[in-house]
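Contents: one structure, followed by commentary.
Residue numbers (my numbering): 719 to 807.
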């Protein structure tokens, strides 16, 4: 897509469509509607973090701890999800 538009426009379109797809799919998986919102927020932070460091010289130095923190948040919140237990009635 960036062959026809600027990198910024292509990045924005691809990140929004990918996030929308994942958030809409997660709405069908979870009965609690807060979880897809949380997934969307965390993914927005991740995409912004990745974009922010495409123009930096210190991408590895700043990007690695940032991605580590985002991964830690995903692991923390997904650890509370009971994947194999039936939902209470």
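Quick reminder that beta carbons are idealized off the backbone N, C-alpha and C, glycines included.
Tell me which residue opens and which closes the alpha helix (DSSP H) that residue i is part of.
i	result
residue 752	752 to 770
residue 799	Counting along the chain, residue 799 falls outside any alpha helix (DSSP H), and DSSP gives it neither H nor E.
residue 725	725 to 747
If we ignore side chains and look at the alpha-carbon of each, how far apart do residue i and residue j end up?
i	j	result
residue 722	residue 732	13 Å
residue 748	residue 725	34 Å
residue 755	residue 765	15 Å
residue 761	residue 728	17 Å
residue 742	residue 752	12 Å
Which residues in the same chain have their Cβ closer than 8 Å to the Cβ of residue i, if we skip the five residues on either side of it in sequence?
i	result
residue 763	788
Given a threshold of 16 other Cβ atoms within 10 Å of its Cβ, counted over all protein chains shown, does residue i qualify as buried or as exposed?
i	result
residue 695	Look at the range of the chain in this structure, 719 to 807, and you will see that residue 695 is not part of it.
residue 757	buried
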